[in-house]
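Read top to bottom, the protein sequences are chains R and G.
The UniProt record's numbering numbers the first residue of the first sequence as 1 and each following residue consecutively.
The UniProt record's numbering numbers the first residue of the second sequence as 1 and each following residue consecutively.
Just so you know, even glycine gets a beta-carbon here, dropped at the ideal spot from N, CA and C.
Worksheet for the structure shown next.
There are 2 protein chains.
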Amino acid sequence: MSEAAAAPKPRAGRTAHGRRKVRSALAVAALDLFAEQGFEQTTVDQIADAAGVGRRTFFRYFRAKEDVVFPGHDERLAEVVERLEAADPTASPLRVVGETAGMVLEMYLDEPEVSLRRFELTRQVSALRDKEIASIDRYQRVFARFLRRCFSDQPDGELHAAVAAAAVVAAHNHVLRQWLRSGGQFDARAALQEAIGQLDQVLSPQWPSGGAVAGDDSVVVAAVRTSASPGVVLKQLRHSLGELED
Amino acid sequence: MSEAAAAPKPRAGRTAHGRRKVRSALAVAALDLFAEQGFEQTTVDQIADAAGVGRRTFFRYFRAKEDVVFPGHDERLAEVVERLEAADPTASPLRVVGETAGMVLEMYLDEPEVSLRRFELTRQVSALRDKEIASIDRYQRVFARFLRRCFSDQPDGELHAAVAAAAVVAAHNHVLRQWLRSGGQFDARAALQEAIGQLDQVLSPQWPSGGAVAGDDSVVVAAVRTSASPGVVLKQLRHSLGELED
DNA sequence: ATCGTAACGGCACTGAGTGCCACCGACAAT
DNA sequence: ATTGTCGGTGGCACTCAGTGCCGTTACGAT
């Protein structure tokens with residue numbers, strides 16, 4: 001069959017556009033073959049043949065066979081770092097991180113079909129899953145570093161930064177998984193927004209950071225309507241405030 | 001008794017004790033060589049030779065070269081699953097998970113010298129770091145699954161389970177890193193205990209879980225001492241009562 | 001039209017991981 | 001003690017991922 005593709009014989013990688021074509025051709029060929037016959041069963045030779053390039057060229061575009069499945073993480077990570085460095089210092093750090101996570105989420109949402117195929121693959125092939133987890137952890141590290149700087153003046157600031165970063169990433173992963181499982185129907189943006197809002201409430205103002213003065217002797221009285229019995233609510237409340245003695 | 005040495009010539013792997021010896025010899029030889037000349041620069045042949053066994057035998061004890069650095073995760077994960085399944089259903093789920101994380105922490109604390117060497121290796125070799133991250137993620141998944149069951153009756157229970165699991169793991173990793181950086185001097189147990197306590201306060205009692213009878217019009221007024229700001233407490237409380245429209 | 005450059009293809013090599021099989025030490029049965 | 005079975009072992013051979021090297025050649029620049 002004659003190849004209508006980009007790089008049948010001639011050099012294609014001289015121009016930036018040509019390089020993108022080759023890269024894309026390799027990625028498409030790889031995903032097709034992976035879906036057809038599995039990841040381990042597919043050799044790099046087959047991918048290169050299917051894309052119409054030499055085996056050696058494959059490794060010029062992707063460092064490893066697994067990398068062909070994740071074509072965007074490195075660039076996104078650079079963007080994330082950039083964005084965090086340029087973030088508004090007066091905004092809530094957790095909001096900033098949450099919005100940055102939203103940017104990462106957008107990367108998946110931008111190409112639903114690719115994301116869904118990748119999801120299917122990562123569910124089946126543990127090597128790919130591990131690779132993706134490692135990538136996600138890099139985001140988390142960057143988030144934690146940013147938050148560590150923001151919280152550096154607070155007691156247990158490092159612990160908080162680590163926990164908050166993990167929480168944001170977990171929320172991101174959770175809405176992403178829901179979106180993937182729904183086949184792209186779920187409104188992931190709104191869900192992440194909502195989740196980040198909750199996390200911001202719970203994790204941000206933990207220690208006197210903003211206004212929230214309050215000495216240790218302040219007494220707070222809360223009144224709400226509820227269907228639970230007063231005893232249960234009081235017990236809950238007492239527990240939630242750290243099991244203070246009486 | 002047979003020979004005192006590990007496995008110079010004769011068959012050693014027949015008895016369970018012998019197998020442990022061989023496994024240990026391989027691990028020790030591997031760590032020595034890794035420290036001496038680096039991970040990538042060390043071949044499996046060298047490890048096998050140093051341990052006095054054939055190359056093929058190495059792969060009978062460890063599925064891959066990287067696995068020789070992590071000799072315990074699989075078993076620990078099984079223990080973790082077991083422990084969570086047998087956990088007291090009335091206890092705070094987050095406490096249970098926290099204590100289970102403490103069990104994992106104990107695994108590192110049990111053999112400080114091994115943990116420290118491993119730490120040094122994982123800092124330098126990205127392949128090992130990725131592997132460890134993947135292992136840790138498996139714990140996190142198990143934690144999340146457990147918490148998901150506990151929170152299944154609550155709104156956003158799945159999200160909460162994911163976030164709480166991530167938070168506990170982040171706290172565990174944080175105190176572990178402190179301990180490792182301190183060279184084993186830091187009191188990691190106490191730090192984890194403390195961190196889990198804080199997380200339990202913040203993340204656990206979000207929703208009423210107990211009996212909760214009572215009519216729908218009862219008004220409960222609770223008064224407690226707290227270091228958190230009244231706004232936070234009220235917001236928490238309102239949310240914990242299910243976002244009643246008022 | 002010519003030159004220089006850089007991507008390409010291909011060859012060869014190392015090393016991880018696997019299948020296969022002959023070997024032999026341990027142990028049980030006779 | 002001899003025999004037979006069992007299973008861990010060692011080694012050979014193989015596939016395949018990833019890398020270094022180099023001659024080739026298309027493409028852009030002058």
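Which same chain residues end up closer than 7 Å to Gly184 of chain R when comparing Cβ atoms and leaving out the 5 residues on each side of it in sequence? Pro112 and Leu116
Could you tell me if the beta carbon of Asp49 of chain R falls within a distance shorter than 8 Å of some heavy atom in the ligand NAP? Among the components modelled here there is no ligand, and therefore nothing to report on the ligand NAP.
Give me the subset of the region 169-198 of chain G whose CB atoms are less than 9 Å from a CB atom of chain R, sorted by chain position. Val169, Ala170, Ala171, Asn173, His174, Val175, Arg177, Gln178, Ala191, Glu194, Ala195, Gly197 and Gln198
So which residues on chain G does residue 261 of chain R lean against when the C-beta distance must stay under 7 Å? No information on residue 261 of chain R is available, as it lies outside the stretch 1 to 246 that chain R covers here.
Under 8 Å: do the region 182-199 of chain G and the region 126-139 of chain G share three or more Cβ pairs, one atom per stretch? no
What ranges does the beta strand (DSSP E) occupy inside the region 131-186 of chain G, keeping only unbroken runs of at least 3 residues that lie completely in it? none
Close-in-space but distant-in-sequence residues of the same chain around Val142 of chain R (CB under 8 Å, 5 per side omitted): Leu77, Val80, Val81 and Leu84
Please report the distance separating the alpha-carbon of Ala22 of chain R from that of Phe59 of chain G. Note on identity: in this sequence residue 22 of chain R is Val, with Ala being the wrong assignment. C-alpha separation (whole angstroms): 38 Å.
Apart from the five residues on each side of it in sequence, which residues of its chain come closer than 6 Å, Cβ to Cβ, to Ala125 of chain G? Before going on, a small fix: residue 125 of chain G reads as Val here, not Ala. Cβ neighbours of Val125 of chain G beyond the five flanking positions: Phe39.
Any residues in the region 156-167 of chain G with a beta carbon nearer than 8 Å to a beta carbon of chain R? Which ones, in chain order? Asp156, Glu158, Leu159, Ala162, Val163, Ala165, Ala166 and Ala167
Closest Cβ-Cβ distance between Arg129 of chain R and chain G: below 9 Å? yes
Cut-off 8 Å between Cβ atoms - residues of its own chain near Glu120 of chain G, not counting five sequence neighbours on either side: Ala35
How would you label Gln41 of chain G, buried or exposed, when you count the other beta carbons within 10 angstroms and need 16 or more for buried? exposed
Can you check the region 57-113 of chain G for any alpha helix (DSSP H) of at least 4 residues that lies completely inside it and give the ranges in chain order? 73-85 and 93-110
Any Cβ of chain G within less than 9 Å of the Cβ of Leu203 of chain R? yes
So is Ala86 of chain R buried or exposed if we call it buried at 16+ other beta carbons inside 10 Å? exposed
For Val140 of chain R, count the other beta carbons within 10 Å of its own beta carbon; 16 or more makes it buried, fewer makes it exposed. Which is it? In the sequence on display, residue 140 of chain R carries Gln and not Val. With 16 or more other Cβ atoms within 10 Å, it is buried.
Please confirm whether Val44 of chain R and Arg55 of chain R have their CB atoms less than 9 Å apart. yes
Around the C-beta of Pro155 of chain G, are 16 or more other C-beta atoms found within 10 angstroms, so that it is buried, or is it exposed? exposed
If you follow the alpha helix (DSSP H) that Gln41 of chain G is part of, which residue opens it and which one closes it? First-last for Gln41 of chain G: undefined, no H or E at that position.
Compute the Euclidean distance between the alpha carbons of Arg118 of chain R and Asp110 of chain R, then round it to the nearest angstrom. 13 Å
I believe Val168 of chain R touches Ala101 of chain R by the beta-carbon criterion, under 8 Å. Please report the beta-carbon distance rounded to the nearest angstrom. 5 Å
Where does the unbroken alpha helix (DSSP H) through Val197 of chain R begin, and where does it stop? The question names Val, but residue 197 of chain R is Gly in the sequence shown. Residues Ala188 to Leu203.
For a quick check, are the C-beta atoms of Gly52 of chain R and Ala16 of chain R less than 9 Å apart? no
Residues in the same chain with beta-carbon distance under 7 Å from Phe151 of chain G, minus the five sequence neighbours each way, listed in chain order, please. Gly157, His160 and Ala161
Using 10 angstroms around the beta-carbon of Arg20 of chain R, count the other beta-carbons present and answer buried if the total reaches 16, otherwise exposed. exposed
Rounded C-alpha distance that separates Asp88 of chain G from Glu66 of chain R: 42 Å
When you compare each of G:Ala27, G:Val97, G:Leu192 and G:Leu31 to residue 332 of chain G by their alpha carbons, which one comes out closest? Shown here, chain G extends from 1 to 246; a query on residue 332 of chain G therefore has no answer.
Is it right to say Asp137 of chain R is buried, meaning 16 or more other beta carbons lie within 10 angstroms of its own, or is it exposed? buried
I need the DSSP call for Val53 of chain G, collapsed to helix, strand or coil. coil
Starting from the Cα of Arg133 of chain R, find the closest Cα among R:Ala64, R:Ala195, R:Leu33 and R:His73 and give me that residue. The sequence as given places Ile at residue 133 of chain R; Arg does not occur at that position. Ranking R:Ala64, R:Ala195, R:Leu33 and R:His73 by Cα distance to Ile133 of chain R puts R:His73 first.
DSSP three-state assignment for Thr15 of chain R, whether helix, strand or coil: coil
Considering only their Cβ atoms, is the gap separating Ala164 of chain R from Leu147 of chain R smaller than 9 Å? yes
How should Ala30 of chain R be labelled, buried or exposed, when 16 other C-beta atoms within 10 angstroms of its C-beta is the threshold for buried? buried
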